[in-house]
Amino acid sequence: MDYMKELNVAITVCDKEGKILQMNDKSQKTNHGDLVGQNVLDCHPEPARTKLVQLMEEHATNAYTIEKNGVKKLIYQTPWYENGEFMGLVEFSLEIPFEMPHYIRKPKME
1076 MDYMKELNVA ITVCDKEGKI LQMNDKSQKT NHGDLVGQNV LDCHPEPART
1126 KLVQLMEEHA TNAYTIEKNG VKKLIYQTPW YENGEFMGLV EFSLEIPFEM
1176 PHYIRKPKME
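Per the working numbering, the very first residue in the sequence shown carries number 1076; after that it's consecutive.
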């Protein structure tokens, strides 16, 4: 998808064996180059590697925040499917402010 190429969110897509299929520009910059064709498991130390294996086995979602080099990020790893079949994981990495508002939205009453 062309609009994702230059999106200011790092997006990495891997297949169900962990082979990296796609990385947008921000992901390549964040990960110091194009890692397409490599296994995502080889790019992560423990315990992250074990967590990724678990996510792939359980087709689960994982979300957390990190701070690295003075930048806070939201990491969101989630399965992707094709015609209902599990195909792998997508990781979104978004830079977020250290302090950010939180809103509770109430349903509109009819």
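Each residue gets a CB set at the ideal place from its N, CA and C atoms; glycine is no exception. Owing to the predicted nature of the structure, the values given are computational and were not obtained by experimental measurement.
Within 10 angstroms of the Cβ of residue i, are there 16 or more other Cβ atoms? Answer buried if so, exposed if not.
{"i": "residue 1099", "result": "buried"}
{"i": "residue 1184", "result": "exposed"}
{"i": "residue 1128", "result": "exposed"}
{"i": "residue 1092", "result": "exposed"}
{"i": "residue 1086", "result": "buried"}
{"i": "residue 1121", "result": "exposed"}
Whole angstroms are fine: how far does the CA of residue j sit from the CA of residue i?
{"i": "residue 1163", "j": "residue 1089", "result": "5 Å"}
{"i": "residue 1119", "j": "residue 1113", "result": "12 Å"}
{"i": "residue 1158", "j": "residue 1173", "result": "38 Å"}
{"i": "residue 1116", "j": "residue 1124", "result": "5 Å"}
By Cβ distance, which residues of its chain are closer than 8 Å to residue i, with the 5 residues on each side in sequence left out?
{"i": "residue 1171", "result": "1140, 1147, 1148 and 1149"}
{"i": "residue 1187", "result": "With the chain running from 1076 to 1185 in the structure shown, residue 1187 is simply not present."}
Quick one: residues in its chain with C-beta nearer than 7 Å to the C-beta of residue i, no 5 flanking neighbours on either side, listed in chain order?
{"i": "residue 1156", "result": "1162"}
{"i": "residue 1080", "result": "1099 and 1100"}
{"i": "residue 1110", "result": "1095, 1098 and 1118"}
{"i": "residue 1082", "result": "1099 and 1101"}
Can you tell me which residues form a DSSP beta bridge with residue i?
{"i": "residue 1077", "result": "Answer is none; residue 1077 lacks a bridge partner."}
{"i": "residue 1089", "result": "1095 and 1164"}
{"i": "residue 1151", "result": "1138 and 1167"}
{"i": "residue 1146", "result": "1143"}
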